[in-house]
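Participant:
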Amino acid sequence: MITAKPLLSENVKDFMDFALDAIKSMDGAPEHNTAEQAVVNAKIVKLKEYLEVVSVSYNETTPKIIENPSGQSTGNFSGTGHS
Numbered sequence: 001m002i003t004a005k006p007l008l009s010e011n012v013k014d015f016m017d018f019a020l021d022a023i024k025s026m027d028g029a030p031e032h033n034t035a036e037q038a039v040v041n042a043k044i045v046k047l048k049e050y051l052e053v054v055s056v057s058y059n060e061t062t063p064k065i066i067e068n069p070s071g072q073s074t075g076n077f078s079g080t081g082h083s
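So that you can map any letter, position 44 of the sequence shown is 44 in full-length UniProt numbering, and since no number is skipped, the others follow by simple counting.
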């Protein structure tokens, strides 16, 4: 089960641990039968879910950037005081 943890590093560790497990399950790919293929594909789907948790965790820990903190419009600025 994928559960978001309070620290970004914990989420990344879970992702990396599962990624290594998924990579190991891919060993011998040319000889995989359909059941083994299904297991690997399920791990890839779960890996994407873990990556989303990492992404959310990262974005929650970074400061928010305000594009135009002064609230002034930057459109049609001539720089001369006249528009």
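Ideal placement from N, C-alpha and C gives every residue a C-beta, glycine not left out.
DSSP three-state call for Lys24: helix, strand or coil?
Facilitator: Here residue 24 corresponds to residue number 24 of the sequence shown, with the count starting at 1. Helix, per DSSP.
Participant: Could you have a look at Leu7 and say whether DSSP puts it in helix, strand or coil?
Facilitator: Start at 1 with the first residue of the sequence shown, and residue 7 comes out as number 7. Coil at Leu7, not helix or strand.
Participant: Is the CB-CB distance between Lys58 and Leu20 below 8 Å?
Facilitator: Within the sequence shown, the letter at position 58 stands for residue 58. Within the sequence shown, the letter at position 20 stands for residue 20. The sequence given here places Tyr at residue 58; Lys does not occur at that position. Taking 8 Å as the Cβ cut-off, Tyr58 and Leu20 do not qualify as a contacting pair.
Participant: Around the Cβ of Asn33, are there at least 16 other Cβ atoms within 10 angstroms (buried) or fewer (exposed)?
Facilitator: Within the sequence shown, the letter at position 33 stands for residue 33. Exposed, because fewer than 16 other Cβ atoms sit within 10 Å of the Cβ of Asn33.
Participant: Going by the beta-carbon positions, is the gap between Ser25 and Lys48 smaller than 8 Å?
Facilitator: For the purposes of this step, residue 25 is taken as the residue at position 25 of the sequence shown. For the purposes of this step, residue 48 is taken as the residue at position 48 of the sequence shown. No.
Participant: If you reduce the DSSP assignment to three classes, tell me which class Glu67 lands in.
Facilitator: Within the sequence shown, numbered from 1, the residue matching residue 67 stands at position 67. Coil at Glu67, not helix or strand.
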